[in-house]
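Structure first, then comments.
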Amino acid sequence: MSFHPLMEYGAGHHQSARVLPEEGPAFQFTAANLAKLEEICTRYPAERRKSAIIAALYLAQGQQGYITLSAMRAVAAAIRCSTAEVEDIVYFYTMFYTRPMGKHIVMVCRTLSCALAGAERVTETLSKELGLRPGETDANREFSLLEVECLGACDRAPVVGVNDDWHECQQPEAAKALIDGLRAAGAGSLTGCHLKVAGE
Amino acid sequence: MEPILTKYVKQPGGASLDFYMKVGGYEGLRKSLGMTPDQVVDVVKQSGLRGRGGAGFPTGMKWQFVDKKSPKPKYICCNADESEPGTFKDHVLMERNPHLLFEGCLIACHAIGAKVAYIYIRGEFYHVQQVLERELAKARAAGLVGKNIMGTGFDCDIFVHRGAGAYEAGEETALIESLEGKKAQPRLKPPFPAVAGLYDCPTAVNNVETLCNVPFIITEGAEAFAKLGPEKNGGPKLYCISGHVKNPGVYETSMHTTLRELIYDPKFGGGIRGGHQLKCVIPGGSSVPVLLPEQLDIPASFDGVASAGSMLGSAGLIVMDETTCMVWAAQNLLYFYKHESCGKCTPCREGGDWLHKLLMKIERGDGEMRDLDLLLSVANNIAGKTLCAFGDAAATPVLTTIKTFRAEYEAHIREGRCTLPASWRASHPVLAAH
Ligand SMILES: Cc1cc2nc3c(=O)[nH]c(=O)nc-3n(C[C@H](O)[C@H](O)[C@H](O)COP(=O)(O)O)c2cc1C
Ligand code: SF4
Ligand code: FES
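Line by line, the protein sequences give chains A and B.
Just so you know, the first sequence maps onto residues 1 to 200 in my numbering.
Just so you know, the second sequence maps onto residues 1001 to 1434 in my numbering.
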């Protein structure tokens, strides 16, 4: 149905797309992660533990690679909130994954400045090279390919993020080199995203 | 103008505490701690410093509005979310001059009576966060952050808070919600953060670059700051230049500098790359109207750019040459806005998706002339009808490109394809699945 008299709107669009998270393997925070979380909680007023919810989810994701229902319950217990509140955060923010991802999560910035520098062709060549469409992960979980929005380094476009590291000025023709480099040397093969300072 | 905020960004070791101390670091803090909070607010007010996050609101006034009589704690939230397309200045400041930001945060806390500042940094800036945490630990060890700062009895802490991927977290009340551990959705205003912000306490939300200007104002005085730029547009300003220029990058200069100089001067953008011609520029991040080549002889100041019918916004200049298809550019930006809408209000959540669908229809070659009026109708039903300024931002790329480049839209519709070479997506319909 459509709210606008002239707008033909696809049938079924307004159906809720809610998908329940996967239960996943039993999840428990490691003692080290729990201690780290307690330290982070001290940065906020004692009755505001919920401020540490994103930090707790990063710790869970770091531990297991992605977030399951079981992990959400562990986060809820640690933060002392409901599992639904945790779920809210997991699905709202783009940096939490609810399914297993590749060892290298390759994220191509697709926003205007990068697109003006050829980001769409970067995605296309990476897609061919990896045999993945954006959003997919390969069968042996080596690579995931994602498109992301402006990463805040548009002077070095096109920018590609790989996990927590970045690669600047990625030319479409060099897609194979990027993949080969990641296979051979991991993040060490990336340029990083730092202002180049001579002598540093 | 000699750079002030970015003077040492290319200095090896320039981000370290030792280096910062050697070049007079934390002197602004020392001086401000000898002043009363009201004196600090007054100096900042006299300097005319305007917020660098997008809206250009006077910072001194924002601090003055903070309800100091409230018995509750006060907070400074530094907005380091930097997600506006085409904007990457705070990135450079935090990576290469972190102590300047800490010093600005501490002075701001002193001014409004806060004991804590949170730096809300976007989740993708992991490498920047590492720099901030490392330098923060050093500042703490040196007695510059924490208890009894510089032996003056002033207690103030700074914490870095990492987001997790949401453009909307840059809107100040959405940032506060996110800091409280909720979805980054804005609050209804009033009450404004100055009265009930973080944890319902009086709060000032300030952009990174804004806070980085404060130490200079304290050490050199309000007048020295104001006279760096045109009236009401004082101080140094960082410009982010990206797109089809020879030298993309961050440049610091005064707001006397014109847009044309920023794009063409070899000191700045250096002109259009590859022998191409300038088609248009978006002067303030993706959310503001485009300007044409003949509109560039204006100071790149808040008021200068506004007089040309656009906005300085985040000072992110996205430069496009004649090969750029405007339907494609609008489509690219509307994908961003439909993706980033927080979903709280209907016109923005639904309308952004409609606009993108219609633009894709034209891109695919299925457009009809009546789609142009429909685009305008939908865009006008978003702009001004939403909870936060995101709605206006989402409508702008459509409104401005149709207004300025209507013939290009019409050609697109008539020919059933893009008539310009840059529209790669149009020639690859298979991958244009979004
Ligand atoms: C959708 C939206 C996104 C925003 N994103 C940012 C941002 O990333 N960084 C920022 O400093 N301000 C951003 N702002 C502006 C803030 O709401 C706020 O005005 C600013 O942080 C105030 O700081 P200032 O007075 O120092 O400019 C955004 C506003 C809106 C409506
Ligand atoms: S305008 Fe958009 S981003 Fe802003 S509150 Fe409404 S839905 Fe959210
Ligand atoms: S548009 Fe890609 S980093 Fe900004």
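Every residue, glycine too, gets a C-beta built ideally from N, C-alpha and C.
Since we're looking at a predicted model, the values are computed, not measured.
message = Using only CA atoms, which one of G1391/B, G1367/B, V1208/B, G1143/B lies nearest to V1378/B?
response = G1391/B
* Under 8 angstroms, do E168/A and V162/A count as touching if we go by C-beta distance? -> no
Alpha carbon of T1253/B to alpha carbon of G1304/B, nearest angstrom: 15 angstroms
task = List the whole-angstrom C-beta distance separating L1005/B from L1238/B, where the pair is believed to meet the contact cut-off of C-beta under 8 angstroms.
result = 7 angstroms
* Say whether chain A places a C-beta atom closer than 8 angstroms to the C-beta of H1244/B. => yes
_For G1234/B and F29/A, what's the separation of their Cα atoms in angstroms?_
51 angstroms
Could you tell me whether the Cβ of P45/A comes closer than 8 angstroms to any Cβ of chain D? Absent here is chain D; the protein component of the structure consists of chains A and B.
Quiz prompt | Supposed contact pair L1358/B and L1375/B - C-beta distance, whole angstroms, cut 8 angstroms | solution = 5 angstroms
Under 7 angstroms: does the beta carbon of K1344/B sit that close to some heavy atom of ligand 2? yes
For this session: Would you decide whether A198/A is buried or exposed? Buried here means 16 or more other CB atoms lie within 10 Å of its CB.
Result: exposed
Open item on the list: Quick check on the DSSP output: the beta strand (DSSP E) that includes R1162/B runs from which residue to which?
Closed with: 1154 to 1162
For A1204/B, list the residues DSSP reports as bridge partners.
I1076/B
Review point. In this structure, does DSSP put A1117/B in helix, strand or coil?
Key: strand
- Is there a Cβ from chain A that is less than 8 angstroms from the Cβ of K1183/B? yes
| request: Let me know if V1066/B comes out buried or exposed under the rule of 16 or more other beta-carbons within 10 Å of its beta-carbon. | output: buried
Which runs of the alpha helix (DSSP H) spanning at least 4 residues fall entirely within the region 1179 to 1256 of chain B, listed in chain order? 1193 to 1196, 1208 to 1220, 1222 to 1226
Review point. So is the beta-carbon of G1391/B under 7 angstroms away from any non-hydrogen atom of ligand 2?
Key: yes
Next item on the list: At 3 residues or longer, and completely inside the region 1340 to 1399 of chain B: list those beta strand (DSSP E) runs for me, N to C.
Entry: none
Practice task
Flag G118/A as yes when its Cβ comes closer than 7 angstroms to any non-hydrogen atom of ligand 3, and as no otherwise.
Solution key: no
Practice problem: Give a yes or no on whether 8 angstroms exceeds the smallest Cβ distance from F29/A to chain B. | Solution: no
Discussion item. So with CB distances below 9 angstroms, who are the chain A contacts of G1123/B?
Written reply: I54, Y58, Y93, T94, M95
- Task: Measuring only between beta-carbons, confirm whether C1485/B sits less than 8 angstroms from chain A.
- Result: Outside the displayed range of chain B (1001 to 1434) lies residue 1485/B, so it cannot be described from this structure.
Where Q1129/B falls, given that 16 or more other Cβ within 10 Å makes a residue buried: buried
Distance check for Q1039/B and A1308/B, CA to CA, integer angstroms please. 36 angstroms
- Task: Within the same chain, show all residues whose beta-carbon is closer than 6 angstroms to that of H104/A, passing over the 5 residues directly before and after it, in chain order.
- Result: F143, V162, L182
request  = Say whether chain A places a C-beta atom closer than 8 angstroms to the C-beta of G1086/B.
outcome  = yes
message: Using only the alpha-carbon positions, how far apart do F1019/B and P1098/B sit?
response: 11 angstroms
What is the residue span of the alpha helix (DSSP H) that C1105/B lies within? 1098 to 1112
Q.
Which of the three DSSP states is assigned to R1050/B in this structure?
A. strand
- Note down, one range per segment and in chain order, each beta strand (DSSP E) of at least 3 residues found wholly within the region 1270 to 1353 of chain B. 1278 to 1282, 1316 to 1321
field: heavy atom of ligand 3 below 7 angstroms from A1330/B C-beta
entry: no
- Task: Please name the residue or residues paired with H213/A in a DSSP beta bridge.
- Result: Lying outside 1 to 200, the shown extent of chain A, residue 213/A is not represented and no answer is given.
For H1127/B and D165/A, I'd like the C-alpha separation in whole angstroms.
7 angstroms
So who's on the other strand from C109/A, going by DSSP bridges?
V148/A
Under the DSSP definition of a beta bridge, which residues are partnered with W166/A? G161/A
- request: Can you tell me the Cβ-Cβ gap for L130/A and L145/A, rounded? I've got them flagged as a contact below 8 angstroms.
  value: 6 angstroms
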